[in-house]
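Undergrad:
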Amino acid sequence: MDWSPLFLSLKVAGGATLLSLLIGAPIGYQLARPRVRGRAGYEGMLLLPLVLPPSVLGYYLLVAFGRRSPLLSVIRHVTGIELHLVFTYPGIVLAALVVSLPLLARAVQASFCVIDPDLPDAARTLGASEWQVFRYVALPLARPGLIAGIGLAFARALGDFGATLMVAGDIPGETQTMPLAVYDAINIQSRQGDYTATVYVLLLSAICLLFSLLASRLGKQHDFA
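Quick note, our numbering runs 870 ahead of the 1-based positions in the sequence shown.
#1: On the premise that L932 lies in contact with L964, defined as a C-beta separation below 8 Å, what is that separation, rounded to the nearest angstrom?
#2: Please confirm if the region 988–1002 is in contact with the region 1048–1059, defined as three or more CB-CB distances below 8 Å between the two stretches.
#3: Taking all protein chains shown into account, decide if R1061 is buried (16 or more other Cβ within 10 angstroms of its Cβ) or exposed.
#4: Please report how far the alpha carbon of A1008 lies from the alpha carbon of P896, in whole angstroms.
#5: Quick one: Cα of F877 to Cα of S943, how far?
#6: Would you call the region 1016–1024 in contact with the region 875–890, where contact means no fewer than 3 C-beta pairs closer than 8 Å?
#7: How big is the Cα-Cα spacing for T958 and G997?
#8: Roughly how many whole angstroms lie between the Cα atoms of F1094 and I1058?
#9: If we ignore side chains and look at the alpha-carbon of each, how far apart do P875 and T1047 end up?
#10: Does the beta-carbon of R976 have 16 or more other beta-carbons within 10 angstroms, so that it is buried, or is it exposed?
#11: Can you name, in chain order, every residue of its own chain whose Cβ lies under 6 Å from the Cβ of L974, other than the five neighbours on each side?
#12: What is the rounded straight-line gap between the Cα of P904 and the Cα of E913?
#13: Using only the alpha-carbon positions, how far apart do M915 and L971 sit?
#14: Between which two residues does the alpha helix (DSSP H) carrying T949 extend?
#15: Helix or strand or just coil, what does DSSP make of P987?
#16: Put W1045 into one of helix, strand or coil per three-state DSSP.
#17: Could you tell me which uninterrupted beta strand (DSSP E) segments, each at least 3 residues in length, are contained entirely in the region 873–940, listed from first to last along the chain?
#18: Please identify the residue among V968, P1014 and L1080 whose C-alpha is closest to the C-alpha of D1030.
#19: Tell me the DSSP secondary structure of C1078 in three-state form.
#20: Does the distance from the C-beta atom of P940 to that of A1033 stay below 7 Å?
#21: So, with DSSP's three-state summary, where would you put A980?
#22: Starting from the Cα of S879, find the closest Cα among C1078, L1083 and R938 and give me that residue.
#23: Does DSSP put E1000 in a helix, in a strand, or in coil?
#24: Identify whether V956 lies in helix, strand or coil by the three-state DSSP scheme.
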């Protein structure tokens, strides 16, 4: 039994979840603030990766971060750094980030929305900056939703298939994650393949179920699930 897909999937999910937290928490905080102009448009764009077909999403990522990417060309011209994201570990993390970020940001947004607005306002009247209000008031109060969002993001990143396949390919021992390994094992059409697929599927199901239950429980405690 090859366990490298499991270890790679856990590394990818961990990296994508960390990036989702760093990016998604501020986004959720801003979208939760009252009187945000164009909120519906921002929320629609945020949720777009969840509704796009995986192949379409993967194609966009290939265009944005492939060798002919205008963005990477600008980075190379300005910094002299040659970035290679396709068929690499950073590329897998990027694909997982795109599909997991909406779940974390929305969970965090919902958690921020139930905070009593008088508490951040009181901090502002005492001279706190917006960063201080976010760091020392909003984040601690939204902790259950934050943890729930982390759980959902981790589970989503762990189970991504379509975008990962498009961006990183399916290279055994290098870019083959658990969902890709399940697909390959099923195509082997042998007892060993069936056994491998069953083990991978049960592991993925158990891990995702664990994080989903954690998110659901915390969500109920915070009255936003």
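Glycine is no exception: its CB is placed at the ideal position from the N, C-alpha and C atoms.
Here the structure is a predicted model, which is why all the values come from computation and not from measurement.
TA: Well, looking at it:
#1: In fact, because the Cβ distance is near 11 Å, the residues do not count as touching under 8 Å.
#2: The region 1048–1059 and the region 988–1002 do not touch, with fewer than three beta-carbon pairs separated by less than 8 Å.
#3: Under a 10 Å Cβ-count criterion, R1061 is classified as exposed, with fewer than 16 other Cβ atoms of the shown protein chains found around its own Cβ.
#4: Approximately 11 Å between the Cα atoms of the pair.
#5: The alpha-carbon of F877 is positioned some 32 Å away from that of S943.
#6: Touching, per the Cβ criterion.
#7: If you take the alpha carbons of T958 and G997, they lie about 46 Å apart.
#8: Note that F1094 scores 42 on pLDDT, short of 50, meaning its location in the model is unreliable and no value can be drawn from it.
#9: Between P875 and T1047, the alpha-carbon positions lie close to 5 Å from each other.
#10: With a 10 Å radius around the Cβ and a threshold of 16 neighbouring Cβ atoms, R976 comes out buried.
#11: Leaving aside the five residues that flank L974 on each side, the residues in its chain whose CB is nearer than 6 Å to its CB run, in chain order, S890, G894, G1019 and A1023.
#12: In a straight line, the C-alpha of P904 is about 14 Å away from that of E913.
#13: In this structure, the alpha-carbon of M915 lies about 12 Å from that of L971.
#14: Segment P940 to T949, the alpha helix (DSSP H) holding T949.
#15: The answer is coil: DSSP assigns P987 none of H, G, I, E or B.
#16: What sits at residue 1045 in the sequence shown is Thr, not Trp. T1045: coil per DSSP, three-state reduction.
#17: As summarised for the region 873–940, there are no continuous beta strand (DSSP E) elements at least 3 residues long confined to that stretch.
#18: Nearest in C-alpha terms to D1030, of all of V968, P1014 and L1080, is V968.
#19: C1078 falls in the helix class under three-state DSSP.
#20: It is not a contact, given that the beta carbons lie outside the stated cut-off.
#21: A980: helix per DSSP, three-state reduction.
#22: That would be C1078, whose Cα lies nearest to the Cα of S879.
#23: Helix at E1000.
#24: DSSP places V956 in coil when its eight states are reduced to three.
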